[in-house]
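See below for the structure under consideration.
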Ligand code: ATP
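Residue numbers (my numbering): 183 to 1094.
Structural data, given as structure tokens:
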């Protein structure tokens, strides 16, 4: 479609030019055809590297190049077979590297797709929700507060629409938009108030627009090349591991240089020693580590997604594992958000409402007797007003079920009105809505303005304590009367009584005026109102939330409820769920507002419930907890929650009720809006961290063993216990599969009964370095022992070529199997393998069998044996080599026993 000055013509002209209509939108067929013509509505992505490029990148490593050169030299000096095998192993390693990296990248791509934005459109006359990427020019889109604008569009309708276009124009004050404006064609982007642009967000009101440009043709697309996504963000753990890898690399290279020098001094052939040193360096540097970490993180993310938590930023996975405070909204997160009106109050009277769900079956009773609503003006006016000031709709869904569209709080009111014989559709015909002041969580009220035959009716509903402030009168069923302090007190008491019964209470008021104020605003409309009554609705606690709260408490995580609702309602539900523990208190937003930061810091650890809070309070709560050194997860859904979501260590946005703005600011999206999902994600976060730790510790301890065995032999004046190809082979079979299998190890039973990991805790903290050294030394000692036994120890050492070959084979067998057995030691850091179960990780068992089988094949199948320069080892020697390898399990058990004893002593030491 030719790009035009869409802002300089009327919306009708735009629709005609783009062949669309306000009521029908595009037909599905037309949308499909335009989509194939104009392409997906998405910014072009950075192209991925091709397979060959990726493979080539694997060979760019300095040491690998050195190894290949060495192989070339070997070939030149007549050791062609060796050279071939080295090259073969190096290539195999590179291919495995590419496979791992590809898996990691694919998993990351899948993540990006999961969080894809949605758009509301009219297609073939029906409202639909589609992936924003499926929009085409001519589509009619609906936008409302909190939405991120999916494509450039000319407005057709705008209701107090304000858009934050700072992403595009840099202007941070949201501008009021107007569909009816027609602007000069040279108006600047920031002045085009009848247009909305992709990537900007709606901060107030709602609107309808026709898509004019999509994808790279949007204004955002035009500057997208400037914004081309930065490199994938590394998680803090990945960064620390990179640093660790570098340190280990430097250490390994230094040791290998030592091996070379000592070997040469010991009269080994310099070229042989050079090849040994380089192979050793290649084997010792944990080059597969970054890919393994990414895979483990990404797999964790996939598991979280299958449990309804979508991770938007990878670092959140590990932060989740150390979360120590979870601040959660109440409505819909801790409760089911399936509202049912249970009580009505009009001054002096209290009514019960029966019935369940959205069915209109149910009655209104007063003191046990049915109430005839049509002849009860006080009740019918209360419910009519609440139904008018209402955006929810009921419709017949599949199988005769009634479906509710909109906010459950409002839906429940429509149902209660139906029970009283009031039909919203008929009401709206009688009093069509002409203006509205939408609900805001700061103001906690909303108002609609309706045209009556000879006057205007303003209907307001909202939090009773706020609403009562704007009321000056009340309706007694016949006439309006002034609202005095005594009645105000009675209304407040009725509100508290209902709230204490865990009901969510809304107040309802109205005002009839003969003329509308010149400007419709909160101040001009919401004043001097007539109080009609209160509506109390039940929102049961989610049963799974109570279980999740228990899990939090046993995991040393503090659950905190933050809600816009009344304190008494919040406390009643928090008690039900176990969030209010003995000694904890509830405070309101107003009380919080009166506290200084220092006072809040003092109090924060005792407050379990914050009620009637405004979104900005959430930022203060997060900050206070963080100043206490805690790692805070915070939920949010509205536009105003974005700062708190950003500030928290883990911002969790609601998937169902959340706005695009909240989702954009969050690290994680809860697709089911459920508190239990956060706790499940924390658990997964802990598992991921543990598993990365297991893989890394395994790799590091094995590498220490490999270097030390060669180093020690040379220091002791023995011949080389492993040839370069042996070292490379060892690296190939022990590093890849077992380390990856440890990365998906099933969690230990008590993972949610430990305290959260401290923020600064690392994969090598908590005495791990010492333990790994013990493990590395043990592997080396066992390998060396096997080598010595092969040479005839404890008797006279026989250094003949044949014996040497045998001894090297034994050493390789012991080294490879001890590392394969050793992988099982990491199934638990301090728990015995026999308690956590040696076979519980089938992948690890598979890796053991696969790698073990490969090792046996190259040892016993003669052509393979010849390839790897191995001798014939069988009978007692094979038995010795394998027995020595199994000792690694005993080493693991003893080390853990020691650690457990130490832990026990420390604990008793601190409690005494
Ligand atoms: P949470 O933050 O736990 O989700 P909440 O949903 O109760 O809490 P808000 O949606 O900010 O918080 O609501 C705050 C108060 O505003 C409610 O207690 C209620 O009195 C009032 N309120 C909520 N929804 C509406 C609505 N649709 N119309 C008018 N008033 C409302």
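Using N, Cα and C, we set each Cβ at its ideal position, and we do this for glycine too. For clarity, every value in this text was computed on a predicted model and none was experimentally measured.
Residue environment: residue 1021 is assigned as exposed (fewer than 16 neighbouring CB atoms within 10 Å of its CB, all protein chains considered).
At a Cβ-Cβ threshold of 7 Å, residue 237 and residue 280 count as neighbours. Around the beta carbon of residue 788, a 10 Å sphere encloses fewer than 16 other beta carbons of the protein chains shown; the residue is thus reported as exposed. The DSSP assignment places 685-695 as complete runs of the beta strand (DSSP E) inside the segment 670-695, in order along the chain (cut-off: 3 residues).
Distances from the CB of residue 513 to the heavy atoms of the ligand ATP include at least one below 6 Å. Contact annotation: residue 486 and residue 726 have beta-carbon atoms that are not nearer than 7 Å. Judged by DSSP in its simplified three-state form, residue 656 adopts strand. Cβ atoms of residue 785 and residue 752 stay farther apart than 8 Å, at about 17 Å. The Cβ atoms of residue 760 and residue 731 lie closer than 7 Å to each other.
Distance from the CA atom of residue 650 to the CA atom of residue 703, rounded to whole angstroms, is 18 Å. About 16 Å separates the beta carbon of residue 844 from that of residue 831, a gap too long to meet the 8 Å contact definition. In its chain, beyond the 5 residues on either side, 954, 957, 958 have a beta carbon closer than 6 Å to the beta carbon of residue 883. Under DSSP, residue 768 shares a beta bridge with 791.
Not one heavy atom of the ligand ATP sits closer than 6 Å to the Cβ of residue 1008. The alpha carbon of residue 403 has as its nearest neighbour, out of 431, 923, 224, 524, the alpha carbon of 224. With respect to the 7 Å criterion, residue 306 and residue 209 are classified as neighbours on the basis of their beta carbons. Around the beta carbon of residue 334, a 10 Å sphere encloses 16 or more other beta carbons of the protein chains shown; the residue is thus reported as buried. Assigned with DSSP and collapsed to three states, residue 893 falls in helix. Taking non-hydrogen atoms of the ligand ATP into account, the C-beta of residue 853 is found less than 6 Å away from none of them. Judged by beta-carbon spacing, residue 743 lies within the 7 Å limit of residue 512, meaning their Cβ atoms are closer than that value. Per DSSP, the unbroken alpha helix (DSSP H) holding residue 195 starts and ends at 193-200. At a threshold of 6 Å, residue 626 counts as near the ligand ATP, since its beta carbon sits closer than that to one of the ligand's heavy atoms. Contact between the segment 540-552 and the segment 702-719 is not established, with fewer than three Cβ pairs separated by less than 8 Å. Inter-segment contact for the segment 990-998 and the segment 900-909 is present: three or more beta-carbon pairs are separated by less than 8 Å. Taking 7 Å as the cut-off, the beta carbon of residue 857 is found no closer than this to the beta carbon of residue 502.
Cβ-Cβ distances below 7 Å link residue 723 to 516, 517, 755, 758, 759 in the same chain, with the five nearest sequence neighbours on each side left out; the list follows chain order. When secondary structure is reduced to three states using DSSP, residue 816 falls in the strand class.
Between the alpha carbons of residue 745 and residue 775 lies a gap of roughly 15 Å.
Given a length threshold of 3 residues, each whole run of the beta strand (DSSP E) inside the segment 821-901 is given here in chain order: 832-836, 850-852. Annotated three-state conformation of residue 760 is coil, per DSSP. If you draw a 10 Å sphere on the C-beta of residue 618, you find 16 or more other C-beta atoms in it, and that means buried.
Residue 206 sits in coil when the DSSP states are folded into three classes, being neither helix nor strand. The DSSP assignment places complete beta strand (DSSP E) segments of no fewer than 3 residues inside the segment 510-558 at 522-528, 531-535, 546-548, in order along the chain. For residue 325, the closest of 277, 304, 863, 553 by C-alpha to C-alpha distance is 304. By a beta-carbon distance limit of 8 Å, residue 323 contacts residue 302. Their separation comes to about 6 Å. Less than 7 Å separates the beta-carbon of residue 974 from that of residue 980.
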